[in-house]
Amino acid sequence: MDLKSGYPWWAVRNGLIHAFPPLQQDLRCDVLVVGGGITGALIADELSQHGHEVAVIEQRDIGWGSTAASTALLQYEIDTHLLELAKRYGHDAAALAYLACAEAIPALGDVARSLKDVDFQRMDSLYLASRARDVPRLMAEGDARRGIGLDARWLDADALRERFDVDAGGALLTRQAARVDPYRLTYALLQRLRRRGGHVHDRTLLHTLAPGARGVTALTEAGATIRARQVVLAMGYANQRWLDQRVARNRSSYAFITDPIDAEVLGQLRNTMVWESARPYLYLRATGDQRLLVGGLDDAIDIPARRDRRVDRKADKLMKQLRHWFPRLDPVAAFSWGGTFAETADGLPFFGPHQQWGPRVHFAMAYGGNGITYSMIGAQLLRAGIERRKHPLAGLFGFGRL
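Position in the sequence shown counted from 1, then plus 642, gives you the numbering used here.
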């Protein structure tokens, strides 16, 4: 799949950090993880540090799929509001999902702190009411979040103008967010996996899977055979090709990053990410070198050539929206890009086995606006399933909810 257009910032900034060898001989392992992006890396790391022998294969270079195009806003907020999720699945299930996402942020912090130079930092999150009619809905959402113990304070128009110099009807301010460089994090995790004795092979394409009673046999395009007790398919949006059942729809999102901005000019934006209630929404956050990463204007395009042609026009519109909300800024766009992402009907991910492939083939589909947060949860959920332990989110985040 052609997952990105233009010049994704992480690939530009970091280049090709390390080349792992393609798989050229047969191997055996406890768990084969197919996919070398941030989702596969987090899952492989979780399994490896708990005693499983893990092998990772990736058809491209590591991190070169959607990870390179990710804007990496780490939030507990799910694209589907808590109130809406409660109507669909009940209050307890909705609360469980939101609280798990909130707990995933410090868990990601623990992972990042065990590594070096991945630009992880805790941030605040400002959720703007884009229109006056959105104010009551966001206030009610804030009440619901506080009701389950989440941090979500309401800022009225005056407080918003005073603290952030933003003209809007109000906003929810939370302290449970973070940022990271997903590309560097992916490489750091997989290099650590190698040091632990695991296998990492890029430029290795999965061709077929044959599940059996005691394990799964995987055959690569080059003819190597991998025999594993369990397989995790963490190929991002390409996972859908391995399912007859359609569980998500591919879309495109767009982003640009600015030249560095003086810290005094950035002000509160140095430590506060911003997004809005409009759909599709604008979102932005600062990087460690004081750039602003701005994204949004999602559309239903799933044809790479059409997405390619839209990147510059979308970046221009995003810049206009940025200046609308923050007219005091005078940003200069440095690079712009577009990328594929997927949406599920309820905004929730899918982790675990599907009846089409049996109990030894697990899917990791961290779809939605907070995919890295989902991936952290999914790593723990999938380990529980592989170790035959129950996980409280296995039902809600599994295919059974369909």
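Note that beta-carbon positions come from the ideal geometry of N, C-alpha and C, so glycine has one too.
For clarity, every value in this text was computed on a predicted model and none was experimentally measured.
Between residue i and residue j, what straight-line distance do the alpha-carbon atoms span, to the nearest angstrom?
i	j	result
Leu-835	Gly-657	21 Å
Ala-880	Arg-891	11 Å
Ser-767	Thr-681	23 Å
Val-753	His-694	18 Å
Ile-747	Gln-717	7 Å
Leu-911	Arg-927	7 Å
Ala-819	Arg-883	32 Å
Gly-981	Tyr-896	6 Å
Leu-861	Val-822	34 Å
Val-654	Tyr-829	15 Å
Trp-706	Lys-956	22 Å
Gly-648	Ala-855	45 Å
Phe-898	Pro-853	43 Å
Leu-792	Leu-815	11 Å
His-733	Glu-726	10 Å
Arg-965	Asp-958	11 Å
Leu-831	Met-1018	13 Å
Ile-659	Gln-887	36 Å
Ala-796	Ile-945	In the sequence as displayed, the identity of residue 796 is Trp instead of Ala. Cα to Cα, Trp-796 sits roughly 40 Å from Ile-945.
Pro-973	Ala-905	13 Å
Gly-930	Arg-1002	41 Å
Glu-719	Glu-1029	29 Å
Gln-998	Tyr-740	29 Å
Gly-610	Leu-960	What is shown of the chain runs 643 to 1044, which leaves residue 610 out entirely.
Asp-703	Arg-775	46 Å
Gly-1046	Glu-804	Lying outside 643 to 1044, the shown extent of the chain, residue 1046 is not represented and no answer is given.
Asp-954	Ala-947	13 Å
Arg-730	Ala-786	15 Å
Trp-777	Ala-735	Note that residue 777 corresponds to Val in the displayed sequence, not to Trp. Their Cα atoms are separated by approximately 25 Å.
Tell me the DSSP secondary structure of residue i in three-state form.
i	result
Leu-750	helix
Ile-704	coil
Thr-862	strand
Met-877	coil
Val-777	helix
Val-974	coil
Ala-1041	One detail in the question is off: residue 1041 reads as Phe in this sequence, not Ala. Phe-1041: helix per DSSP, three-state reduction.
His-660	coil
His-966	helix
Gly-679	coil
Ala-890	coil
Leu-990	coil
Val-1003	strand
Val-654	helix
Asp-687	helix
Ala-897	strand
Gly-1027	helix
Gln-997	coil
Round the Cβ separation of residue i and residue j to the nearest angstrom and send it over; I've been treating them as touching at under 8 Å.
i	j	result
Gly-812	Ala-799	6 Å
Asp-940	Ser-978	Incorrect: roughly 15 Å between the Cβ atoms, too far for contact.
Gln-872	Val-673	5 Å
Ser-919	Leu-724	That pair is no contact at about 14 Å.
Leu-934	Thr-900	5 Å
Gly-751	Arg-764	7 Å
Tyr-1009	Thr-986	5 Å
Ile-685	Ala-975	So it is not a contact: roughly 34 Å between Cβ atoms.
Phe-968	Phe-1039	Incorrect: roughly 36 Å between the Cβ atoms, too far for contact.
Ile-868	Ala-697	6 Å
Arg-817	Asp-761	About 19 Å separates the two Cβ atoms, so there is no contact after all.
Within its chain, find whatever has a CB closer than 6 Å to the CB of residue i; leave out the 5 residues flanking it on each side and keep chain order.
i	result
Ser-756	none
Pro-664	His-843, Arg-845 and Thr-846
Ile-903	Gln-932
Gln-701	Leu-847
Ala-749	Met-1018
Pro-650	Ala-710, Ala-711 and Trp-979
If you drop the 5 nearest sequence neighbours on each side, which residues of the same chain put their C-beta closer than 8 Å to that of residue i?
i	result
Ala-1026	Lys-1032, His-1033 and Ala-1036
Ile-943	Arg-893, Ser-894, Arg-949 and Arg-952
Ala-866	Leu-665, Gln-666, Gln-667, Asp-668, Leu-669 and Thr-846
Val-737	Reading off the sequence, residue 737 comes out as Ala, not Val. Answer for Ala-737: Leu-724, Ala-728 and Ile-790, listed in chain order.
Ser-772	Ala-810, Glu-918, Ser-919, Ala-920 and Tyr-923
Gly-994	His-1004, Phe-1005, Leu-1023, Leu-1024, Gly-1027, Ala-1036, Phe-1039, Gly-1040 and Phe-1041
Gly-1000	Pro-853
Asn-1012	Leu-715, Leu-716, Gln-717, Tyr-718, Glu-719, Ile-720, Asp-721 and Cys-743
Using C-beta distances below 7 Å, list every residue in its chain close to residue i, excluding the 5 sequence neighbours before and after it, in chain order.
i	result
Glu-688	Ala-1021, Gln-1022 and Arg-1025
His-996	Leu-885, Phe-1005 and Phe-1041
Pro-824	Trp-652, Ile-680, Thr-709, Ser-712, Ala-714 and Ile-1014
Thr-722	Asp-988 and Gly-989
Val-907	Leu-971
Leu-802	Val-808, Ala-810, Gly-812 and Ala-813
Phe-662	Ile-704, Val-842, His-843 and Asp-844
His-849	Leu-861, Thr-862 and Glu-863
Cβ of residue i within 7 Å of any heavy atom in the ligand GTP?
i	result
Asp-759	With respect to the ligand GTP, the structure offers nothing, as it holds no ligand at all.
- Could you pull out every unbroken beta strand (DSSP E) segment of at least 3 residues lying fully inside the segment 780-864, listed in chain order? List check, beta strand (DSSP E) in window: 795-798, 812-821, 841-843, 848-853 and 858-862.
- Segments assigned beta strand (DSSP E), at least 3 residues, entirely inside the segment 915-964: 925-928 and 934-941
- Item | alpha helix (DSSP H) runs contained entirely in the segment 708-749, provided each spans 4 or more residues | 724-731
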